[in-house]
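Below: one structure, written as structure tokens.
4 protein chains.
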Amino acid sequence: MTFLTDPYRIYVYDTDAAGVVHHSNYLRYFEAGRIEFLRSIGYPYIDFQNQGIGFVPIDIQIKYKKPLREDDLYQVSAYPTLVKKASFQFKQAIIVNEEEIVSGTIMLACVKEPEFKPQPTTQPFREALIKAIPPTP
Amino acid sequence: MTFLTDPYRIYVYDTDAAGVVHHSNYLRYFEAGRIEFLRSIGYPYIDFQNQGIGFVPIDIQIKYKKPLREDDLYQVSAYPTLVKKASFQFKQAIIVNEEEIVSGTIMLACVKEPEFKPQPTTQPFREALIKAIPPTP
Amino acid sequence: MTFLTDPYRIYVYDTDAAGVVHHSNYLRYFEAGRIEFLRSIGYPYIDFQNQGIGFVPIDIQIKYKKPLREDDLYQVSAYPTLVKKASFQFKQAIIVNEEEIVSGTIMLACVKEPEFKPQPTTQPFREALIKAIPPTP
Amino acid sequence: MTFLTDPYRIYVYDTDAAGVVHHSNYLRYFEAGRIEFLRSIGYPYIDFQNQGIGFVPIDIQIKYKKPLREDDLYQVSAYPTLVKKASFQFKQAIIVNEEEIVSGTIMLACVKEPEFKPQPTTQPFREALIKAIPPTP
């Protein structure tokens, strides 16, 4: 029920000498997942960017359970868990065969670029995010 | 007193369209900092790698305070905070003009590559790490 | 008629402070395109890799006509132009709206990894490559 | 006599599953080398960037002779070979123990960013570049 991207493929340039995806790259896949999530709720990130607005990570926690390897396919999940005036939090995961192999909690601030000054989000956008928070089980 | 790398320079390829270093790259700078720390205590990481041993992140927390920009100089700090049989924890920061602009806590597992099986570290290495834990103030 | 990948999306991490995709990244997109081309002719690159065989660039020429930007969609074309015993050449392009915005000629050597010793390709593979060379107009 | 950077170290994140530096990364090292060359002749690239001026590759040829691996040290050479009104060409190499292991010829256009419109360079800058062209032997 939570948002899941189409599958992405791992290419050689994603991997490192240990034969697995370099651990920094998962933050990039998470970002791609958030951008596709925003598109799915009708708020393409590029529209914010064209107005000089960015959502920048201020606090990330990431847990690595299993590595991805060359030619693997993965999907990225993304949903908001907390929505404030000028910041919000996502939970995300890298999914392979319905298994979470990497998971993360990402707190993002809404800022005016390139100065990086805090910028409140609009109420409709906040409501769209709040609507996407999964019900507590 | 804690370990600090020589200064590194930010180049264009480190930055993104927001005009700042992409947030994923700080995990790469942290890794470089840990590798230089290991060299400084007499345990070059390449010696482990040549024996098929790797230290892989299993849990990372990272806080972003200020961004780095094109042509900035930065240093990376690194010191262990916890040493177990087959894992250990580092605290690290990106330092500009003696100010921490990004900080992180990284838990690493010692593994046999490329299978990624847990591998206990040697006692002399553990003792060298423990010796580098800063005294609690 | 020549091979074309499915569309890929440009994300923030692909871009640099100039607001466009960093010029080094097109070599990565070319590599992804070659890997998908090989899959399309029945020779997945991962099968070579699992036998310790790699195809490594030895000579690349690349021309940049227009930049890609955040959120752009692009496709990658790939076809062989020359097939030798232990090396072959590809022509590739980055395609947006049927327009070539970046183009390249890539000479690759077949090698045994990790020593990088030249390794002749098999005759069936060479024949499959030769079959994919477009007819001269 | 031609410009050579200080040594840089290869870290894990520079490498790929083949155990060597990914071939796209050498374009990044070349860029770093050009930026340090410009600083060395008194024209720091950041000063151009702060005025919205960029030097963007339009044509690159690169030859790979030997790969770099984890923990290797390398230097980057850079010198101009051709200077036009709004473009110039560099020859560059990756140097290990005085041996060229990767070499490239890079044609760059001077542009106004972010529109990427051609922009003539100033005469003093062109003269500084011309002065740095090595004498033909």
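Residue numbers (my numbering), protein chains in the order written: chain L, 1 to 137; chain X, 1 to 137; chain W, 1 to 137; chain H, 1 to 137.
We put the CB at the ideal spot given by N, CA and C, even for glycine.
| Query | Result |
| --- | --- |
| Can you round the beta-carbon distance between W:Gln89 and W:Gly104 to whole angstroms, since I take them to be within the 8 Å contact cut? | W:Gln89 to W:Gly104, Cβ: 11 Å. No contact. |
| Assess contact between the segment 20 to 28 of chain X and the segment 75 to 84 of chain L, defined as three or more Cβ pairs (one per stretch) separated by less than 8 Å. Is contact present? | no |
| Does the contact criterion of 3 or more C-beta pairs under 8 Å hold for the segment 14 to 21 of chain L versus the segment 112 to 124 of chain L? | no |
| What first and last residue would you give for the beta strand (DSSP E) that runs through X:Asp59? | Ile53 to Tyr64 |
| Using a Cβ cut-off of 8 Å (strictly closer), state whether L:Arg28 contacts chain B. | Of the protein chains in the structure, L, X, W and H, none is chain B. |
| Along the chain, where does the beta strand (DSSP E) that runs through X:Ile94 open and close? | Ser87 to Val96 |
| Going by alpha carbons, who is nearest to H:Ser87 out of H:Leu4, H:Ala128 and H:Phe55? | H:Phe55 |
| Chain W partners of X:Glu70, CB-CB under 7 Å? | Ala17 |
| Does H:Ala17 come out as helix, strand or coil in the three-state DSSP assignment? | coil |
| Out of H:Gln49, H:Pro124, H:Ile60 and H:Thr15, state which residue places its alpha-carbon closest to the alpha-carbon of W:Lys65. | H:Ile60 |
| In whole angstroms, what separates the C-alpha of X:Pro7 from that of X:Glu127? | 28 Å |
| What in chain L is Cβ-close to W:Ile35, meaning under 7 Å? | Tyr11 |
| Going by Cα to Cα distance, which pick from X:Gly42, X:Asp16, X:Ile58 and X:Ile41 is closest to L:Val102? | X:Ile58 |
| Please tell me whether L:Gln123 and L:Val111 are closer than 8 Å, where the distance is taken between their beta carbons. | no |
| Should X:Gln75 be flagged as near chain H, meaning a C-beta pair shorter than 8 Å? | no |
| What would DSSP say about H:Ala32, mapped onto helix, strand or coil? | helix |
| What is the C-beta distance between W:Ile95 and W:Leu38, in whole angstroms, given that I count them as a contact (C-beta under 8 Å)? | In fact, because the Cβ distance is near 19 Å, the residues do not count as touching under 8 Å. |
| In the DSSP assignment, find the unbroken beta strand (DSSP E) run with L:Lys112 in it and report its ends. | Glu99 to Lys112 |
| Which stretch, first to last residue, makes up the alpha helix (DSSP H) that contains L:Pro124? | Gln123 to Ala132 |
| Only counting the same chain, and skipping five residues up and downstream in sequence, which positions put a Cβ closer than 7 Å to that of L:Val41? | Going by the sequence as given, residue 41 of chain L is Ile instead of Val. Ala128 and Ala132. |
| What are the start and end residues of the alpha helix (DSSP H) that includes W:Gln49? | Tyr45 to Asn50 |
| Would you decide whether L:Pro67 is buried or exposed? Buried here means 16 or more other CB atoms lie within 10 Å of its CB. | buried |
| Measure the C-alpha to C-alpha separation of L:Thr121 and L:Pro134 and round it to an integer number of angstroms. | 20 Å |
| Between L:Ala32 and chain W, is the shortest Cβ-Cβ distance under 8 Å, so that the two count as touching? | yes |
| Just the C-alpha distance for L:Gln51 and L:Leu108, rounded to the nearest angstrom, thanks. | 18 Å |
| Which of the three DSSP states, helix, strand or coil, is assigned to W:Tyr26? | helix |
| Quick one: which chain X residues come within Cβ less than 9 Å of W:Ser87? | Those do not exist, as W:Ser87 stays about 27 Å from chain X at its closest Cβ, beyond 9 Å. |
| With a threshold of 8 Å between beta-carbons, can L:Ser24 be considered close to chain H, or not? | yes |
| Our contact map puts L:Asp16 next to H:Thr136 with C-beta atoms below 8 Å; I'd like the distance itself, whole angstroms only. | No, L:Asp16 and H:Thr136 are not in contact; Cβ-Cβ is about 42 Å, not under 8 Å. |
| How would you label W:Ile130, buried or exposed, when you count the other beta carbons within 10 angstroms and need 16 or more for buried? | exposed |
| Would you call the CB atoms of X:Ile53 and H:Glu70 closer than 8 Å? | no |
| Do L:Tyr11 and H:Ser24 count as a contact pair if the criterion is CB distance below 8 Å? | no |
| Quick check: L:Leu73 and L:Arg9, are their CB atoms within less than 8 Å of each other? | yes |
| Counting only beta-carbon atoms, is X:Gly54 nearer than 8 Å to chain L? | yes |
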